[in-house]
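Below: the structure, in structure tokens.
Numbering (UniProt numbering), first residue to last: 1 to 111.
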């Protein structure tokens, strides 16, 4: 007669995760990180840093904001020009550093 009815398997989709790094509006690389500092009076400050170009800013956000919301507020303020931007770029350029071996060889050959 009839067999046992098979159970239907439910498709489980993974929950979408919020990104940890965002796109920098200045250099275009995905290197913006957002960190939060909470003060004792209940205010929440988001510190936004770009790992490649050194863009750095701090903005006050409501306590319910997460990284994506703070990044959105940062982008709005940056594009409107209402944001105080700090520069934290380390001097890592090698353009001014000339290898000593090549320069000394050239000077000895010309003399």
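Yeah, the Cβ is synthetic: ideal placement off N, Cα and C, and Gly gets one too.
| query | result |
| --- | --- |
| Between 67, 27, 47 and 35, which has its C-alpha nearest residue 84's C-alpha? | 47 |
| Alpha carbon to alpha carbon, how far is residue 54 from residue 68? | 20 Å |
| What are the partner residues of residue 55, as DSSP defines its beta bridges? | 87 |
| Along the chain, where does the alpha helix (DSSP H) that runs through residue 74 open and close? | 67-80 |
| Whose C-beta lies closer than 6 Å to the C-beta of residue 93 among residues of the same chain, with five residues either side of it excluded? | Note that residue 93 has pLDDT 48, beneath the 50 cutoff, so the model's placement of it is unreliable and the number below is only indicative. So the list is empty, once near-sequence residues are dropped. |
| Quick check: what's the CA-CA separation for residue 17 versus residue 65? | 15 Å |
| Could you please give the first and the last residue of the uninterrupted beta strand (DSSP E) stretch that includes residue 46? | 44-50 |
| Distance, Cα to Cα, residue 75 vs residue 31? | 14 Å |
| For residue 40, tell me which candidate among 70, 73 and 63 has the shortest Cα-Cα distance. | 63 |
| Could you say which of 34, 50, 80 and 52 lies nearest to residue 60 if we only look at CA atoms? | 34 |
| By the three-class DSSP mapping on this structure, what secondary structure does residue 12 have? | coil |
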